[in-house]
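Engineer: Everything in the sequence shown is counted per our numbering, starting at 8 for the first residue and increasing by one. Note that CB positions come from ideal geometry on N, CA and C, so glycine has one too.
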Amino acid sequence: KITLDDVSFTRGELTIKERKTKNPTILPLPKQTVRAIAAYVFKARPKTKLRELFLTHSGSPLRPETMTGAIKKAMEKAGLSSTAYWLRHTYAQNLLKMGRTIYEIKEMMGHNNIQSTQRYLHIDTERMRKVLFDETL
């Protein structure tokens, strides 16, 4: 769950506490996202003492299943038929294609060990050839 305390509006960062390890991962947020979250908090979020960032219209914390459903619905609307896990997988793959090392990807994904990160990465043969032999097909 993400709380109001996890968002730093001044630094433009979001702190995510890993569910399994409780290790924090600090993610940079684009200015547009910070502005959107601020607008939600100050204009649309129900007034309550609850610290959870995202609430229902009635003021209850959003459940993970609700968020997963919203992500799935948005993906379907965009013509994508997959899961939220697929988004993480694609994120890791794109970082790899951009030349990030597995250690950098591990940190960006919030993993404790390389084995967890490896599950998200599938290096294509052309990239493997380039990395191993410094040549292209």
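Rank 36, 73, 50 and 55 by C-alpha distance to the C-alpha of residue 65 and give the top, closest one.
Structural biologist: Residue 65 has its Cα closest to that of 55, out of 36, 73, 50 and 55.
Engineer: How far does the beta strand (DSSP E) with residue 34 in it extend, from its first residue to its last?
Structural biologist: It spans 31 to 35 - the beta strand (DSSP E) in which residue 34 sits, taken as one unbroken run.
Engineer: Could you tell me which of 119, 124, 96 and 94 sits nearest to residue 108, measuring between CA atoms?
Structural biologist: Per the Cα distances, 124.
Engineer: Leaving aside the five residues before and after residue 4 along the sequence, list all residues of the same chain whose C-beta is less than 6 Å from its C-beta, in chain order.
Structural biologist: Since the first residue of the chain shown is 8 and the last is 144, residue 4 is not available in this structure.
Engineer: Kindly indicate which three-state DSSP category residue 69 falls into: helix, strand or coil?
Structural biologist: Residue state, collapsed to three classes: coil.
Engineer: Helix, strand or coil for residue 21? Go by DSSP, reduced to three states.
Structural biologist: Strand at residue 21.
Engineer: Rounding to the nearest angstrom, what Cα-Cα distance links residue 11 and residue 60 in this structure?
Structural biologist: About 5 Å.
Engineer: For residue 31, collect the residues of the same chain with a Cβ closer than 6 Å to its Cβ; drop the 5 residues on either side in sequence, then sort them by chain order.
Structural biologist: Once the five neighbours on either side are set aside, the close Cβ partners of residue 31 are 22 and 24.
Engineer: I need the DSSP call for residue 10, collapsed to helix, strand or coil.
Structural biologist: In this structure, residue 10 counts as strand in the three-state DSSP scheme.
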